[in-house]
Every structure is written in C-alpha cells, then in structure tokens.
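Undergrad: Got a structure for you, questions after.
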Amino acid sequence: MKRGKFIKHLEANDCPLHRHGSRHDIYKNALTDKRTSVPRHADIDEELCKEICKQLGISKP
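If you read the sequence shown in numbering that gives the first Met the number 0, its first letter stands for residue 0, the second for the next number, and so on.
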C-alpha cells in the first residue's frame, strides 16, 4: 500500500501524527491514546498495515 494512502486512512480514523522519529513517524489514536510507529517508505507491506491498525485499535484499510 502506498504510504500516502495509508496515512490518510490513519487520519480518517482519528490517528493524527504525534511526532517524528529519525526514520519513522509516531501516530497516536486520539480516542484510546494508543501509539505506534509508521516507517517512512514509499510502499508499506499490507501485513504491516494490518498490524499497525491492530496496534492502534482501528479498522484495516
């Protein structure tokens, strides 16, 4: 999945950018305060996208 599309999915599910890391960004679920990192790659593996969504407690893209 393209990173831009995945980021839009996160933001649409109340998970805005929390902070920047050195090679990743941290996104936080505004409702549950769960946080996880998202790598800065043009393409993100589908399984990784599912795992990130699971960690944040949101639906899968």
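Here a beta-carbon is modelled for each residue, glycine too, at the ideal position from N, C-alpha and C. Just so it is clear, the structure is predicted and the values come from calculations on it, not from any experiment.
1) Just to confirm the assignment, what range does the beta strand (DSSP E) spanning R2 have?
2) Quick one, which of P15, G20, E10, A11 has its alpha-carbon nearest R39's?
3) Is the Cβ-Cβ distance between E46 and M0 less than 8 Å?
4) Let's see if you can read the secondary structure: which residues bound the alpha helix (DSSP H) around K49?
5) By Cβ distance below 6 Å, which residues in the same chain neighbour C52 in space, the five residues on each side in sequence not counted?
TA: On the basis of the supplied data:
1) First-last for R2: 2-11, but that is the alpha helix (DSSP H), not the beta strand (DSSP E).
2) Here the closest residue by C-alpha is G20.
3) Going by C-beta atoms, E46 is not nearer than 8 Å to M0.
4) Element bounds for K49: 45-55.
5) Setting aside the 5 residues that flank it on each side, C52 is surrounded in the same chain by K59, each with a C-beta closer than 6 Å to its C-beta; the list follows chain order.
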